[in-house]
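**Student:** Okay, so the sequence shown: first residue is 3 according to my numbering, each after it adds one. Glycine included, every Cβ here is placed at the ideal spot set by N, Cα and C.
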Amino acid sequence: MSEPPDPLDRPVSRRSAVLAGTSIAYTSIALVIVRNLGLVPLFVSVIGPLEYGAWLATGAVLVQITNVDFGLLGVLGQRVSRAYGARDRAELESLIGSGLWVVVGIAVVVGAIAAAISPLAAQLMDIDGEQGRRLTECILIACGANILHLAAFGLAEVLKNLQRPVLPGMQTVMGEALSLLLTVGLIHYGFGLYAISLGLVLRGTWMLVGNGLSVLWVVIHQLEIRPNWNAQLVRSLFRDSTYVFASQLAFRLRAYVDPLLVGVILGPIPAGIFAITLRTHEMVKLVDVQFGTAILPGLAHLFGQRDEQRLREIMAARYKTTALVGAIGLGGCIALNEGFIRLWVGSDLYAGNTVNTLFAVSSLIFMISGCAYDGLFIRGEFRVITRIVWLDALGRLPVVIFAMTVWGLPGAAAATLLSTIVLFAIPISVSLKRRHPVPPGVLQRLGRQLAVVSVTLTCFSLAVLTWSPAVEDWLSFVMKAAIFVVVAVLGTAALDPPFVRFLRRRGTGSPLTG
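1. Should Ser47 be labelled buried (16 or more other beta-carbon atoms within 10 Å of its own) or exposed?
2. Would you call Gln234 buried or exposed, if buried means 16 or more other Cβ atoms sit within 10 Å of its Cβ?
3. Going by alpha carbons, who is nearest to Leu142 out of Leu44, Thr356, Lys435, Trp57?
4. What residue range is occupied by the uninterrupted alpha helix (DSSP H) comprising Thr356?
5. Using the Cα positions of Thr388 and Arg81, report the straight-line distance between them to the nearest angstrom.
6. So what's Gln292 in DSSP terms, helix, strand or just coil?
7. With the cut-off set at 7 Å, would you say Ala417 and Ala405 are in Cβ contact?
8. For a test of the three-state rule: what should DSSP assign to Phe426, helix, strand or coil?
9. Could you check whether Ala329 and Ser456 sit closer than 7 Å to each other, using their CB atoms as the reference points?
10. Just to check my reading of the structure: Leu419 and Ile336 have Cβ atoms closer than 8 Å, yes? What is that Cβ distance to the nearest angstrom?
11. So for His438, helix, strand or coil by DSSP?
12. For Arg508, collect the residues of the same chain with a Cβ closer than 8 Å to its Cβ; drop the 5 residues on either side in sequence, then sort them by chain order.
13. How big is the Cα-Cα spacing for Ala19 and Thr207?
14. Check whether the Cβ atoms of Thr138 and Ala124 lie closer than 7 Å to each other.
15. In whole angstroms, what is the alpha-carbon distance linking Leu452 and Tyr321?
16. Helix, strand or coil for Ser181, going by three-state DSSP, please let me know.
17. Taking 7 Å as the cut-off, decide whether the C-beta atoms of Met2 and Asp290 are in contact.
18. Leaving out five residues on either side along the sequence, give the residues of the same chain with a beta carbon under 6 Å from the beta carbon of Thr29.
19. When we look at the beta-carbon of Ile115 and count the other beta-carbons within 10 Å, is it buried (16 or more) or exposed?
20. If you count every other CB in all the chains shown that lies within 10 Å of the CB of Ser349, and 16 or more means buried, which is it?
21. Is the beta carbon of Leu94 closer than 7 Å to that of Ala85?
22. Examine the Cβ distances between the stretch 353-365 and the stretch 217-232 and report whether three or more of them are shorter than 8 Å.
23. Below 8 Å on the Cβ atoms is my guess for Leu351 versus Ile278; work out the distance and round it to an integer in Å.
24. Would you kindly check if the distance between the Cβ of Ala147 and the Cβ of Leu210 is under 7 Å?
25. CB-CB under 8 Å to Gly113, same chain, minus the five flanking residues each way: which ones, in chain order?
26. Between which two residues does the alpha helix (DSSP H) harbouring Pro272 extend?
27. What three-state label does DSSP hand Tyr191 in the structure shown?
28. Identify whether Arg89 lies in helix, strand or coil by the three-state DSSP scheme.
29. From what residue to what residue does the alpha helix (DSSP H) around Leu128 run?
30. Distance, Cα to Cα, Tyr196 vs Gly40?
31. With a threshold of 16 other CB atoms inside 10 Å of the CB of Val466, please say whether the residue is buried or exposed.
32. In three-state terms, what does DSSP make of Tyr258?
33. Got a sec: does the ligand ZN put a non-hydrogen atom nearer than 6 Å to the Cβ of Arg344?
34. Quick check on DSSP: helix, strand or coil for Glu226?
35. Alpha carbon to alpha carbon, what distance is there between Ser100 and Asn230?
36. If Ser243 and Gly73 are in contact, beta carbons under 8 Å, what's the gap, nearest whole angstrom?
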């Protein structure tokens with residue numbers, strides 16, 4: 003009598019997982035924007051500028067700082083996805099059992115540390131009496147919510163890397179929506195600052211319960227996995243997570259140090275102009291980050307299956323998608339950012355076309371070469387990634403500081419472009435090539451296609467910036483932006499027919515030859 007089929011052998015659709023994960027991620031971002039931007043006037047008018055400002059300066063910052071997993075979730079997700087692709091049941095049982103317990107432990111420890119230092123917030127803001135007590139209590143409530151969130155994120159990471167992103171995604175969207183409704187309702191009934199912290203508790207509780215039940219259903223019932231504790235594997239997880247955490251710190255240093263340097267060297271007003279000018283650039287990069295987050299579990303799963311040919315095709319599609327999104331999005335920043343900022347906050351807060359263009363090109367190169375990060379990450383090359391990102395984060399500082407001191411913001415932009423190419427793009431691309439051999443003809447074809455699309459759209463953006471009439475109102479801006487996007491998309495389709503055929507076939511075939 004034949005053995006029953008192993009549930010791990012059931013086929014999964016990585017394409018559907020990526021599409022679902024990306025859609026849900028963007029929906030969640032929209033809800034976060036509503037919370038962080040749309041509700042701010044309500045918070046200020048009801049809670050008051052003093053108390054709400056103190057919350058933003060202390061409680062909200064403390065929640066963000068302590069909402070860290072020390073790199074563990076990234077390592078856990080990569081290993082779960084790779085083991086699932088390899089159909090390694092023993093590895094999955096140890097990873098899920100040990101990893102989730104460690105995540106819970108980290109959540110409790112981090113939450114306790116945050117709660118211990120939360121009473122200092124009122125003293126730091128020099129707020130006493132009823133407002134100080136309320137601020138402290140709300141921060142304590144938010145610290146408890148952080149414990150729930152970190153544990154829920156661990157469960158979600160397991161589900162996403164078992165190619166089930168819809169389940170945790172639905173919990174995130176529903177939790178965020180219910181949290182917004184509760185916050186607005188409590189604000190209406192006079193709960194003040196408590197409305198924000200209690201909304202965070204509801205979101206964390208919903209996500210934790212929903213993701214927990216989903217893990218029980220998928221892991222225990224569908225896949226018949228029996229999680230267990232493995233002390234040796236825990237040590238291995240912690241070892242690799244230190245590298246991932248170190249690389250996360252380097253990326254944050256790279257992202258946030260430039261406005262600080264501008265403020266110290268050139269003053270607070272240029273720092274504000276710099277930050278406002280690059281705000282649209284950051285939104286374009288956020289779109290790519292969400293897509294990369296959605297596709298990473300599928301890449302790791304494919305690597306676990308050892309299907310190198312298909313992995314090369316999907317990595318090529320990853321590069322091309324990033325180049326497309328980056329060239330259109332950042333090209334739009336080159337062509338349209340001046341008019342957008344003039345209509346939004348006034349032309350006095352625009353850093354100039356030179357700064358805007360150089361930083362856009364630098365961001366495009368960083369995004370495209372950053373695809374190599376995915377290729378190294380799915381292979382577990384965490385140490386290599388850490389060396390490269392710290393080389394970039396630290397090596398660029400003296401160059402940027404010198405250029406900014408001598409030539410101001412244009413010098414900083416030029417130095418950033420140069421350091422991005424020399425310290426990040428070249429090292430990380432070479433490192434991936436060494437660990438993922440690709441036939442020379444394939445690599446040359448991909449590089450040529452990426453260069454044609456990126457350079458052509460950048461030149462088109464500069465032409466629009468130089469010769470198109472300036473926008474006078476929001477309607478003309480929207481029309482100009484729509485025409486730019488349509489022409490850019492049609493131009494890309496004409497420049498890269500193989501990729502268009504690849505997309506029309508829903509990811510089947512090769513993005514290099516169609």
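**Tutor:** A quick look at the data gives this:
1. exposed
2. exposed
3. Trp57
4. 355-371
5. 18 Å
6. helix
7. yes
8. helix
9. yes
10. About 13 Å; that fails the 8 Å criterion.
11. coil
12. Arg17
13. 25 Å
14. yes
15. 8 Å
16. helix
17. Since the first residue shown for the chain is 3 and the last is 516, residue 2 is missing from the structure and cannot be characterised.
18. Val175
19. exposed
20. exposed
21. yes
22. no
23. 5 Å
24. no
25. Thr68, Cys145, Gly146, Asn148, Ile149, Leu152
26. 270-279
27. coil
28. coil
29. The sequence shown places Asp at residue 128, rather than the Leu named in the question. Element bounds for Asp128: n/a, residue is neither H nor E.
30. 18 Å
31. buried
32. helix
33. Questions concerning the ligand ZN fall outside what the structure shown contains, since it holds no ligand whatsoever.
34. coil
35. 6 Å
36. 4 Å
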